[in-house]
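Undergrad: In terms of this note's numbering, the sequence shown opens at residue 15 and continues consecutively. Even glycine gets a Cβ: it sits at the ideal position worked out from N, Cα and C.
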Amino acid sequence: MRKLCILLALALFMPFLGASFYDVSLSVTMKINTNGSAHVTEKVMLSLDTSSEDLYSRSIYSRELTIMDWQQITNSQYLRQHIISSVAARNMRITPEDVRPFAYGSRSGASIKLEYDVDKIVAINQTGPRTLLYALNSSALSFQPSPSGEVLPRNNDFTIIIPPGSVVTSISPDPTQPAIQRDYADQVRGVSNFTWSGTVSLMEFKFAFTREEPMDVEVRNFFENLESMAISIMLSAPGIVLMLFVILAAAFFVLRTR
Numbered sequence: 015m016r017k018l019c020i021l022l023a024l025a026l027f028m029p030f031l032g033a034s035f036y037d038v039s040l041s042v043t044m045k046i047n048t049n050g051s052a053h054v055t056e057k058v059m060l061s062l063d064t065s066s067e068d069l070y071s072r073s074i075y076s077r078e079l080t081i082m083d084w085q086q087i088t089n090s091q092y093l094r095q096h097i098i099s100s101v102a103a104r105n106m107r108i109t110p111e112d113v114r115p116f117a118y119g120s121r122s123g124a125s126i127k128l129e130y131d132v133d134k135i136v137a138i139n140q141t142g143p144r145t146l147l148y149a150l151n152s153s154a155l156s157f158q159p160s161p162s163g164e165v166l167p168r169n170n171d172f173t174i175i176i177p178p179g180s181v182v183t184s185i186s187p188d189p190t191q192p193a194i195q196r197d198y199a200d201q202v203r204g205v206s207n208f209t210w211s212g213t214v215s216l217m218e219f220k221f222a223f224t225r226e227e228p229m230d231v232e233v234r235n236f237f238e239n240l241e242s243m244a245i246s247i248m249l250s251a252p253g254i255v256l257m258l259f260v261i262l263a264a265a266f267f268v269l270r271t272r
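So this is what it looks like as structure tokens:
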């Protein structure tokens, strides 16, 4: 009810305020976790005139406004989810930040931060006893469609952060930052942050990396598999027969020693 009242009040104010918001820039950061999920942070920078400052300030006091509400208020083309999965995003949070005057001109700036977690955008395959290969599904990227495919527009940044110690085995196109250097195996080592700045074609975007699991994980997995195998054998028909045989043999031995 409170949210409805706020939206009605804003709807009444907007025509009189003549508010104007302009998209300035978009920064999308995707931090890939070891389980293949990712935490995404998107930051939209807006330019505001005096009337839109008032509307923005009125809106910022409500923590109940959703991303769709903020889209209506600002009419921003950037304010949406840019990393899309086949399953719904989790832990969606939207945080509008305070208005700050620009160093030049009569307009001010404000940024709105969107955070969420996504699953099933990275395929994981085991290529060795402790080696895992992570491959990003490029269809998860949703920036700007064009006749030639997906494009990262001008004034847009896209950053991928991978777990420390990972080795990048496939990356295309090369990131804007840093200037990467490949080794003899065409791999990139010692770098965990990669940023592309628009305009960049994402039509044939490729990103894959490997990481080694710690030795204790391999040892733990070995004993877990051993335990699982033992339970499976004991619950099978031959396993039950074997247990009965052991029980009978033990009982026979006890009776003979009396």
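Per DSSP, which one or two residues make a beta bridge with Arg-168?
TA: Here residue 168 refers to the residue found at position 154 when the sequence shown is read from its first residue. Paired residue(s): none; Arg-168 is not in a bridge.
Undergrad: Output needed for Pro-178: all residues of its chain with C-beta closer than 7 Å, excluding positions within five of it in sequence on either side, in chain order.
TA: The residue given as residue 178 occupies position 164 in the sequence shown. Counting only Cβ-Cβ distances below 7 Å, and skipping sequence neighbours, we find Ser-206.
Undergrad: Within the continuous alpha helix (DSSP H) that includes Ser-66, where are the two ends?
TA: One-based indexing of the sequence shown puts residue 66 at position 52. Segment 64-74, the alpha helix (DSSP H) holding Ser-66.
Undergrad: Would you identify the three-state DSSP class for Phe-237, choosing helix, strand or coil?
TA: Here residue 237 refers to the residue found at position 223 when the sequence shown is read from its first residue. Confidence at Phe-237 is low in this model, with a pLDDT of 46, below 50, so its placement is unreliable and no value can be given for it.
Undergrad: Please name the residue, chosen from Val-181, Asp-83, Thr-64, that lies closest to Pro-115 on a Cα-to-Cα basis.
TA: Translated into the one-based positions of the sequence shown, residue 115 becomes position 101. The candidate whose alpha carbon is nearest that of Pro-115 is Thr-64.
Undergrad: Could you give the residue range of the alpha helix (DSSP H) that holds Asp-7?
TA: The shown model of the chain, from 15 to 272, leaves out residue 7, and the question about it has no answer.
Undergrad: Taking a contact to mean a Cβ-Cβ separation below 8 Å, would you say Trp-210 touches Leu-150 in this structure?
TA: Position 196 of the sequence shown, counted from the start, is the residue given in the question as residue 210. Position 136 of the sequence shown, counted from the start, is the residue given in the question as residue 150. No. Outside cutoff.
Undergrad: How is Leu-150 classed by DSSP in three states: helix, strand or coil?
TA: Taking the sequence shown and counting its residues from 1, the one referred to as residue 150 is at position 136. Looking at Leu-150 - three-state DSSP - the assignment turns out to be strand.
Undergrad: For Lys-220, which residues from the same chain have a beta carbon less than 6 Å from its beta carbon, with the 5 sequence-adjacent residues on both sides left out?
TA: As a working note, residue 220 is residue 206 in the sequence shown. Here the set comprises Ser-184, Ser-186.
Undergrad: For the region 93-105 and the region 123-143, state whether three or more C-beta atom pairs, one from each stretch, are separated by less than 8 Å.
TA: yes
Undergrad: Based on the DSSP secondary-structure assignment, which residues constitute the bridge partners of Ser-125?
TA: Here residue 125 is taken as the residue at index 111 of the sequence shown, counted from 1. Ser-125 pairs with Met-59.
Undergrad: For Phe-219, which three-state DSSP category applies?
TA: On the sequence shown, position 205 is the one that residue 219 refers to. If DSSP states are grouped into helix, strand and coil, Phe-219 belongs with coil.
Undergrad: Three or more C-beta pairs closer than 8 Å, one from the region 157-171 and one from the region 73-90: is that the case here?
TA: no
Undergrad: According to the neighbour-count rule (16 or more other Cβ atoms, all chains shown, within 10 Å of its Cβ), is Val-231 buried or exposed?
TA: Position 217 of the sequence shown, counting from 1, holds the residue named residue 231. Summary for Val-231: the model assigns pLDDT 49, below 50, so the residue's position carries little reliability; its value from the coordinates is reported in the next sentence. Counting C-beta atoms within 10 angstroms of its own C-beta, Val-231 has fewer than 16 neighbours from the protein chains shown and is therefore classed as exposed.
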